[in-house]
Amino acid sequence: MKRLMTVLCVLCLAPVLFGQTESVGTPPADYAIQFQIIGGPQLTDFQGGTFSGWMRTDGKYDYRFGVELATYRETTKNAVEETECETYVSVSFQWLRHTSWRQVCMYYGFGPALTYGASKTTYKASASSSELKQHAFGIGAVGVVGAEVFIRRDISLTGEYGMLAGYTSSKYSNSSDVKSSKLYLGNLCVRFGISVYLNK
């Protein structure tokens, strides 16, 4: 929660604090590649990453295609030892728009996303053990807002926050299989990244 509040404050204050910074052009390039860390800049919070390609085809919008991979593992030891392992994959396409092209600027956008998640939870007691597996497929829409800071004309640092709404279908496997489906609305992990603009 503290990390989320920090990012939201930066996103809100950046245009106010740096609104008169030097222009970098409109836009600095027609193509860009981007890598984002999921979870936060500290290595202890590292959960995965997103690799994206940006393309600009007119004077207003960027088009971003991204592939995201995240993994998570946690072990809790009480009377029963519980180990949870998760893998998450997402493919998304977004229309993005920058509010300006200055050294510090804001952007926002939306677009469709396909997701897949798999998890396995193992329970170990002194005399027995069991495991629960889950597979989930989802389709939905993503909305994002972010801030971009150009450290050079062709290189920038980004901070981004988003929301995901959609439909997911899950299958749980233990002693028997259970299927479920639902609509959902949730926030995405905060993303910090670097973008490299290519052809200008």
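Residue 140 in this note's numbering sits at position 100 of the sequence shown, with consecutive numbering throughout. All C-beta atoms, glycine included, are put in the ideal place defined by N, C-alpha and C.
Per-residue DSSP class, three states only, for residue i
i    : result
S220 : strand
R193 : coil
L225 : strand
R231 : strand
S168 : coil
T187 : Before going further, note that residue 187 is Ala rather than Thr in the sequence given. Looking at A187 - three-state DSSP - the assignment turns out to be strand.
I77  : strand
Extent of the continuous beta strand (DSSP E) to which residue i belongs
i    : result
T162 : V144 to K164
W94  : G88 to R96
W135 : E121 to H138
L238 : Element bounds for L238: n/a, residue is neither H nor E.
Y103 : D102 to K117
Proximity to residue i [Cα-Cα], best of the options
i    : options                   : result
K164 : G233, V189 and A119       : A119
T90  : Y71, A72, A110 and R96    : A110
G226 : G202, S213 and V218       : G202
R137 : V131, M146, A181 and V129 : M146
E171 : T161, I77, F177 and R104  : T161
S168 : S210, T155, E122 and I179 : E122
R193 : S209, I234 and E124       : I234
W18  : V236, K100 and G157       : The first residue shown for the chain is 41 and the last is 240, placing residue 18 beyond what the model contains.
S220 : H175, I77, R104 and S140  : H175
S166 : K117, I191 and Y212       : K117
V185 : Q74, G157, I195 and G149  : G149
V131 : S159, S92, E114 and T139  : S92
L223 : S213, R231, T208 and C229 : T208
L197 : V236, G151 and R113       : V236
According to DSSP, residues forming a beta bridge with residue i
i    : result
A181 : P152 and A205
A176 : G157 and S210
A69  : Answer is none; A69 lacks a bridge partner.
Any chain D beta carbon closer than 8 Å to residue i
i   : result
G88 : Of the chains in the structure shown, none is chain D; there is only one protein chain.
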